[in-house]
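Protein chains in written order, with the numbering used here: chain A, 884 to 1437; chain B, -12 to 268.
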């Protein structure tokens, strides 16, 4: 039997809460990783996947301690080493690539100095050799201008490049094992492809083993040899990628796969005739940030000549990469960012650009729901008060009537009534997003602007939120404008989809045609970049490099 | 004591810990002393009652006598009126004005914020003692004048502090949601912003209180604050400072009084009662 790179046996990790209570986080996990093998750890947030990955460096986050088990990495039990001994291994035999490369780099130092810093700390090679090595890695990771890119500062490269640079940092000492902690989650789909390809090729060339932590099954399908499915600190199922994807055995794995399967959306039969007035009409809208110039246009113009209509009872998806102006569009419609030019009409009536000039009733009929439920709920207000305010503000409800309505709203979003006394910090991510939605529903709106409301949630939770949205639409005859970078989400809920690129609408099409009916080159590039649950997808994917170059925002 | 805190929690619906409770008792004690001082003093404050100066504690003079042979105990009791009264009134006014304006400036922004901030920055640049000197010389020294002068000196700092905190909260999504709902400025600052900056603002309140006690004694030393024969605690320390080499109680006890009050205010702020939220139903 060949020597395994990682032998994890009966790992137990416990945490101590503020109240002194002990909580078991990891409950007896065991697995092996062979040389050159990539193991993916998947599971929802709180399943312990990052905690397990960090334990391979003999590290547990503050408040947690490794209470049992063997962590043998490259023939050395990390738990039997002193802290100094473990430090010698970190960055040398085991290295780590964090989720946010932007937060992992020091903005005041050049990239090359930071990439070779690890070699200097471990004193493994002279600075000159390290620089040479780094340049080779830059080339292997397909970074542009590999000889000089190291002289730049972190803000001078794009997010995808920065993520590859953090991979170079991890690989400089020729580690035996690399831990990837959701390294592509924060990237756009088109960028994600380049990064995944680069990771895959360097790992294969060096014969390095890896642990890939993520909640995105489609990414895992491309890069992992084996998958371990985690839930509540226990391994539910472990098997080869093919087996997990195509023949899952454990019920939880099946549930996870089901949530990931894109569900086609059948629009609701609406009784509106063809000539009904659109619930939302946006005509020739220009908007941006900064002071206005002599032509009346803001210094940084984001939205350029936006036109679309949204019919009542229909859902419109808006897709595009970060920086394409999707969220700005929602802010312009809500009146948070008054357009410089153009008109926004609601149910045929023109709306004043600035929300301060809109009537209370106009404001009530359009509600906005934000992506991050954490920051969208006041951390110091109990749920009952958060939901009660729009009821009092728009409908003048007080006392018992308001309390009763709060209960109804909680019921509508499938939350128990007892939750009303809790603070937002005491709820889970999915529960917070439901409250966020309930607050919008409290106004009894006709249109809800959903700004990436499922992208911060786990797959299973996001699927439940989408189901809830559909149900509410059926009961309350709402319309949604659904902003997302996740195409399968848009597919699940929208009738039509707008593709945005650099503040312009490049194409509008029915969602059903999205996969194969896209006309514009950019729409096709964007749609083809969405990873699919097929292990050969990335290798088989062929994209025209000219089109990529044309639309890459560099 | 724990049974006491539990009983309080049960009755009022608020939970307070031991440190918070003891601090509150100390503050309450000084407040009562300030209110009833004239009834409690054994000797008139200005009268020289002993031929010996810097006298030790005795049954006649509990906390000894000062550099002129006056009763220190009586002087501390009367001094509480000035220190507790003037300083608390001034710090409350200064923080109320500063924090309110700071939050309004952060929420409204634009020109309003610019003009107000620059004006208060300019105001802040006047040395505080000099400003006090000019005002008191112009209008004369009285307790309302002292309170308003101290308020004017400390409100700009409080404004800056609150504005810096409020600007951060103002960019949060929940404030944007409230704004999109059509809420007015008063609701925004009272319901969305204030609860989220309250902790640091209260800590600032405690610090500012200590600064005001110090400035007040400084003004008294210059003859602009509380006028003799009355004296606030800071002035008591200053006038008896020459007794320090003899460890005279006349200099020790006013210092102890200042320390007990300022520490209690800060400790109470760090350990404020917490509302018990009912999670039963």
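The C-beta atom is built at its ideal place from N, Cα and C for all residues, glycine as well.
Asked: If we call anything under 7 Å between Cβ atoms a contact, is residue 1326 of chain A one with residue 1254 of chain A?; Found: no
Asked: Pick out whichever of A:1081, A:1117, A:1127 has its Cα sitting closest to the Cα of residue 1103 of chain A.; Found: A:1127
Asked: When you compare only the Cα positions, how much space is there between residue 925 of chain A and residue 1120 of chain A?; Found: 10 Å
Asked: What does residue 179 of chain B reach in chain A if we use C-beta pairs closer than 8 Å?; Found: 1261
Asked: Please report whether the beta-carbon of residue 1177 of chain A lies at a distance below 7 Å from any beta-carbon of chain B.; Found: no
Asked: For residue 1098 of chain A, does the three-state DSSP call read helix, strand or coil?; Found: coil
Asked: List the residues of chain A whose Cβ lies closer than 7 Å to the Cβ of residue 168 of chain B, in chain order.; Found: 1246, 1273, 1276
Asked: Could one say the Cβ of residue 1217 of chain A lies closer than 7 Å to chain B's Cβ atoms, at least one of them?; Found: yes
Asked: Return the Cβ separation of residue 199 of chain B and residue 102 of chain B in integer angstroms, given the expectation that the two are a contact with Cβ distance under 8 Å.; Found: Between residue 102 of chain B and residue 199 of chain B the Cβ distance is about 27 Å, and since that is not below 8 Å, they are no contact.
Asked: So does the segment 1087 to 1100 of chain A actually touch the segment 1046 to 1064 of chain A, counting three or more Cβ pairs closer than 8 Å?; Found: yes
Asked: Do the segment 61 to 80 of chain B and the segment 134 to 153 of chain B make contact, defined as three or more Cβ pairs closer than 8 Å?; Found: yes
Asked: Which bits of chain B does residue 1253 of chain A rub up against, with CB to CB less than 9 Å?; Found: 160, 161, 163, 164
Asked: Give me the residue from A:908, A:993, A:1201 with the minimum Cα distance to residue 1367 of chain A.; Found: A:1201
Asked: Using only the alpha-carbon positions, how far apart do residue 1338 of chain A and residue 1369 of chain A sit?; Found: 7 Å
Asked: Helix, strand or coil, according to DSSP, for residue 1303 of chain A in the structure here?; Found: helix
Asked: Give me the DSSP bridge partner(s) of residue 1365 of chain A.; Found: A:1200, A:1333
Asked: For residue 1270 of chain A, return the contacting residues in chain B, with the cut-off set at a CB-CB distance below 7 Å.; Found: Near residue 1270 of chain A there are no residues of chain B at all, since even the closest Cβ is about 12 Å away, more than 7 Å.
Asked: Name, going along the chain, the residues of the segment 178 to 204 of chain B whose beta-carbon falls closer than 7 Å to a beta-carbon of chain A.; Found: 179, 182, 183
Asked: Cutting at 6 Å between CB atoms, please list the residues of its own chain near residue 265 of chain B, excluding the five before and the five after it.; Found: In this prediction, residue 265 of chain B scores a pLDDT of 48, lower than 50, which makes its location untrustworthy; no coordinate-derived value is stated.
Asked: Is it the case that the segment 1240 to 1250 of chain A contacts the segment 1190 to 1198 of chain A, given that we only count it when at least three CB pairs across the two stretches are under 8 Å?; Found: no
Asked: Is it right to say residue 1235 of chain A is buried, meaning 16 or more other beta carbons lie within 10 angstroms of its own, or is it exposed?; Found: exposed
Asked: Look at the Cβ atom of residue 220 of chain B, then the Cβ atom of residue 241 of chain B, and state whether they are nearer than 7 Å.; Found: yes
Asked: DSSP state of residue 268 of chain B, grouped into three classes?; Found: The pLDDT assigned to residue 268 of chain B is 36, lower than 50, so where the model puts this residue is not dependable; a value taken from the coordinates is nonetheless given after this. Correct three-state label for residue 268 of chain B: coil.
Asked: According to DSSP, simplified to helix, strand and coil, what is residue 1225 of chain A?; Found: strand
Asked: Thinking just about the alpha-carbon of each residue, which of A:950, A:927, A:919 is nearest to the one in residue 906 of chain A?; Found: A:950
Asked: With burial defined as no fewer than 16 other Cβ atoms inside 10 Å of the residue's Cβ, what is the status of residue 112 of chain B: buried or exposed?; Found: exposed
Asked: Can you tell me which of A:1051, A:1173, A:1077 puts its alpha carbon nearest to the alpha carbon of residue 1422 of chain A?; Found: A:1077
Asked: Report the residue ranges of all alpha helix (DSSP H) runs contained in full by the segment 119 to 195 of chain B; include only those spanning at least 4 residues, in chain order.; Found: 130 to 157, 160 to 168
Asked: Starting from residue 105 of chain B, trace the alpha helix (DSSP H) both ways and give me its first and last residue.; Found: 97 to 111
Asked: Please classify residue 161 of chain B: is it buried, with 16 or more other beta-carbons within 10 angstroms of its beta-carbon, or exposed?; Found: buried
Asked: Within 10 Å of its beta-carbon, does residue 1432 of chain A have 16 or more other beta-carbons around it, so buried, or fewer, so exposed?; Found: exposed
Asked: Going by CA-CA distance only, name the one from A:963, A:1037, A:973 that's closest to residue 996 of chain A.; Found: A:1037
Asked: For residue 248 of chain B and residue 38 of chain B, what's the separation of their Cα atoms in angstroms?; Found: 31 Å
Asked: Give me the DSSP bridge partner(s) of residue 52 of chain B.; Found: B:58
Asked: Whose Cβ in chain B lies nearer than 7 Å to the Cβ of residue 1258 of chain A?; Found: 159, 160, 161
Asked: Please state if the CB of residue 85 of chain B and the CB of residue 153 of chain B are separated by a distance shorter than 7 Å.; Found: no
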